[in-house]
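First comes the structure, then the notes that go with it.
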Amino acid sequence: MIQKQSSGLEGGTIAGWRTADYLFSEDATCPDTLRIFESKDYLWNKVVVFHSLFLSACDKRQSVKSVCIGHYVLPPASVQDEVRQVVGRLIWECEDELSVTQGFHKSFSCQTEDEHSEVSKSEYVKFPL
């Protein structure tokens, strides 16, 4: 494991997805995330992927306990489409035109560039329990 100072409020470390306590991704269609969605562990409900903006929301509030992690479950893209038909948008999606004009993709960015999470699409963070 590689210690990464900016990987979370609790001093998390980067780990392989099978050994991580929490999995974060910002793109349900990236190859690493797709491999998780196609795994037996995912199909058998043994792992959950969360949107990486959860980390930014926690950082903004300076607390992991004040942000509901359940709102940041990242489902496969096809499920996201179904959810959008029912609820309109997902919590990490922003209808604010400012985000779009700043060059951020509407489906996963509701923050400024400075607030953008340091966790890349293919990195997973392990936090101490």
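Numbering-wise, the UniProt record's numbering puts 87 at position 87 of the sequence shown, and it's gapless, one number per residue.
Glycine is no exception: its CB is placed at the ideal position from the N, C-alpha and C atoms.
With H, G and I counted as helix, E and B as strand and the rest as coil, what does DSSP make of residue i?
{"i": "I91", "result": "coil"}
{"i": "L34", "result": "helix"}
{"i": "V47", "result": "coil"}
{"i": "L74", "result": "coil"}
{"i": "S25", "result": "strand"}
Going by Cα to Cα distance, which pick from the options is closest to residue i?
{"i": "L90", "options": "Y72, R18, S78", "result": "Y72"}
{"i": "N45", "options": "A20, K60, F37", "result": "F37"}
{"i": "V48", "options": "G88, V87, R35, Q85", "result": "R35"}
{"i": "E93", "options": "D59, H51, L55", "result": "H51"}
Quick one: Cα of residue i to Cα of residue j, how far?
{"i": "S63", "j": "I69", "result": "12 Å"}
{"i": "W17", "j": "V79", "result": "21 Å"}
{"i": "K40", "j": "S66", "result": "32 Å"}
{"i": "Y22", "j": "D32", "result": "15 Å"}
{"i": "R61", "j": "L53", "result": "12 Å"}
{"i": "I14", "j": "A20", "result": "8 Å"}
So, is residue i buried or exposed, given that buried needs 16 or more other C-beta atoms within 10 angstroms?
{"i": "E82", "result": "exposed"}
{"i": "L55", "result": "buried"}
Taking 8 Å as the CB-CB limit, is residue i close to chain B?
{"i": "G70", "result": "In summary, chain B is missing from the structure at hand, where a single protein chain is found."}
Nearer than 7 Å: is that true of the beta carbon of residue i relative to any heavy atom of the ligand PLP?
{"i": "V48", "result": "This structure lacks the ligand PLP, and indeed carries no ligand of any kind."}
(Q) Three or more C-beta pairs under 8 Å: does that hold for the region 62-77 against the region 23-31? (A) The answer is yes - the region 23-31 touches the region 62-77, with three or more Cβ pairs under 8 Å.
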